Amino acid sequence: MSPVDEILAQVPLGDLAARLGVDEATAEHAARQALPALLGGIQANAEDPAGAASLAHAVQQHDSGLIDGGVDLGQVDTTDGDRIVGHVFGEQRPVVVNQLGGLGPLGGSPGGGAAAPGAQGALGGQDGSGLIAKLLPILAPIVMSYLAKKLAGGSAGTGGLSGSGAGSGGGLGDLLGGILGGGAGGQSGQGGILGGGLGDLLGGLLGGGRKSP
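Each step along the sequence shown adds one to the number in our numbering, with nothing skipped, and position 19 is 21.
What follows is the structure in structure tokens.
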């Protein structure tokens, strides 16, 4: 199971759709666009040696319990989520939002799985960007909780890290590399998670000294 599918399996799509003011198919499609971007952006930060250790610390500050047994969206701190998104994407945030908001349905959505039925034409233009802008701060704390669980050696498909590796930026970098299957530039193994254009954009974040969430 892909990391996107693992995360979405714990997210109540009906509640997410209600929070966003859209139908479930649109909410799922948007989440399948946003989650790979968040994971890729976090890995771009982890590739920067100056930010890797602080990123690992930030992940460990998030409660892995948020994602255990299904996410209660009422417990998601979107203020924290907004801060995470800002740190992950930095000045590229509007570009990422617009890129994601302009992505129409794909034959296979980023992160695996087909585009959700009924989501045809759901994203695109200003409305799509607005939806993504609202969605990212909801998903960001969930992603951090997911990574915290992985880093602590929790269950789920890719396995976690424990011991000395869990406390280091290198441990997080290895974990993210295993999840995404390659560098954060959208090349090689990660090409299946990030589309080429978005992969290239996130690849531009590498070495940029982004502050970690």
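The beta carbon of each residue, even a glycine, is placed where N, CA and C say it ideally should be.
Just so we're clear, the structure is a prediction, and the values are computed from it rather than from any experiment.
If you count every other CB in all the chains shown that lies within 10 Å of the CB of residue i, and 16 or more means buried, which is it?
{"i": "Gly-130", "result": "buried"}
{"i": "Gly-67", "result": "exposed"}
{"i": "Met-146", "result": "buried"}
{"i": "Gln-45", "result": "buried"}
{"i": "Gln-77", "result": "exposed"}
{"i": "Gly-103", "result": "buried"}
Between the options, which has its C-alpha nearest residue i's C-alpha?
{"i": "Glu-8", "options": "Asp-65, Gly-83, Val-73", "result": "Val-73"}
{"i": "Gly-92", "options": "Gln-101, Gly-76, Gly-43", "result": "Gly-43"}
{"i": "Pro-138", "options": "Arg-34, Met-3, Ala-58", "result": "Pro is not the amino acid found at residue 138; the sequence shown has Leu there. Answer by Cα proximity: Arg-34."}
Hey, how far is the Cα of residue i from the Cα of residue j?
{"i": "Lys-136", "j": "Val-87", "result": "11 Å"}
{"i": "Asp-50", "j": "Ile-134", "result": "26 Å"}
{"i": "Lys-152", "j": "Asp-25", "result": "30 Å"}
{"i": "Ala-36", "j": "Gly-23", "result": "17 Å"}
{"i": "Pro-96", "j": "Ile-140", "result": "17 Å"}
{"i": "Ile-69", "j": "Tyr-148", "result": "6 Å"}
{"i": "Ala-19", "j": "Ala-55", "result": "35 Å"}
{"i": "Ala-29", "j": "Gln-12", "result": "14 Å"}
{"i": "Leu-10", "j": "Ala-39", "result": "14 Å"}
{"i": "Gly-16", "j": "Ala-27", "result": "9 Å"}
{"i": "Asn-47", "j": "His-31", "result": "25 Å"}
Taking only beta-carbon positions, decide if residue i is within less than 8 Å of chain C.
{"i": "Met-3", "result": "The question asks about chain C, but that chain is absent: this structure has only one protein chain."}
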